[in-house]
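Under my numbering, think of the first position of the sequence shown as 791, with each following residue one higher. In this text, a Cβ means the ideal position worked out from N, Cα and C, and glycines have one as well. Note sheet for the following structure.
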Amino acid sequence: MSSSKPSTPRVAVVTGTSSGIGAAVVKHFCEQGHQVLAVDFNPAGKEIAEAAGAAFYQADLTDADACRGAIAEAVKRFGGVDILVNNAGIQHVASIETFPEEKWRQIIDLMLTAPFLLTQAAWPYMREKGWGRVVNIASIHAQVASPGKAAYVSAKHGMIGLTKTAALEGGEQGITANAICPAYVKTPLVDNQIADQAKLNNMDEQEVIEKIMLKNAAVKRLIEPSEVAELVAYLTSDAAGAVTGASWNIDLGWTAH
């Protein structure tokens, strides 16, 4: 895998960019010379995007029109869309018995419906050019489940199905689709989960890290966002043209058991 600058700069849309994986991907793409539209609900993402050299579009991606608006903004600014990275996500930890319906719907809308709508809106521009890359940031929870995460696990499992279908439909059109499945990454989302898991499991926060987050890991550390961004860079490169429909685990050895 190489993170060198691509021979052809592309137009990339990245969602969930105000911190963590999304911010790292935006930074990496800008360093590669891509034109990037960073999309996030949080207005603080504007400063982060512009510091990296990207344009910013504020949107609530649980709204269908906002999803289509994000792609339209990239087309208006840059003339098309070549790369789509579906990364935006939230988390809520509760048992199935107590899980709020509104949280279920919000998570599914943001983490499964929005990636579908964004892919659908970007597809004609990729097809017209005969070149496109869709990368869905799933999770190791797209492969396995954990208690207290019914909506998150369901959305991420669904994202794998969406990825495979997009790969089959896009193959003859020069469009690839792949998913990345990280274990726990050093992000604000994970930081928030530590407190939630501590409450759910009656543990202190250090116990959550050791006994839940890293219990099944062979490599006993959290993953850096930049490590995920490097894999995104490869999967969106010309070198990865034969790679599609795959789920790439960055899981510290979690699923080697």
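CA-to-CA, the gap between Glu863 and Gly920 works out to about 21 Å. Annotated three-state conformation of Pro972 is strand, per DSSP. Annotation for Val1033: no alpha helix (DSSP H) segment contains it, and DSSP assigns it neither H nor E.
Positions of the beta strand (DSSP E) runs, each at least 3 residues long and wholly inside the segment 930–977, are given as 965–972 in order along the chain.
Nearest in C-alpha terms to Ile811, of all of Asp853, Val975 and Ala956, is Val975.
Look at Thr888 here: in three-state DSSP terms it is coil, with no helix or strand label. When rounded, the separation of the alpha-carbon atoms in Arg917 and Lys1001 is 46 Å. Beta-bridge pairing by DSSP links Gln896 to no other residue.
DSSP lists no beta-bridge partner residue for Ala928. Scanning its chain for C-beta atoms nearer than 8 Å, with the 5 sequence neighbours on each side dropped, one finds around Ala985 the residues Glu995, in chain order. Residues of the same chain with a CB within less than 8 Å of the CB of Arg867, apart from the 5 flanking positions on each side, are Gln825, Leu827 and Ala845 in chain order. Here Ser885 is exposed. Its C-beta has fewer than 16 other C-beta atoms within 10 Å. The criterion of a C-beta distance shorter than 9 Å is satisfied by Ile965 and Val924.
Residue pairing by DSSP puts Asn876 in a beta bridge opposite Asn926.
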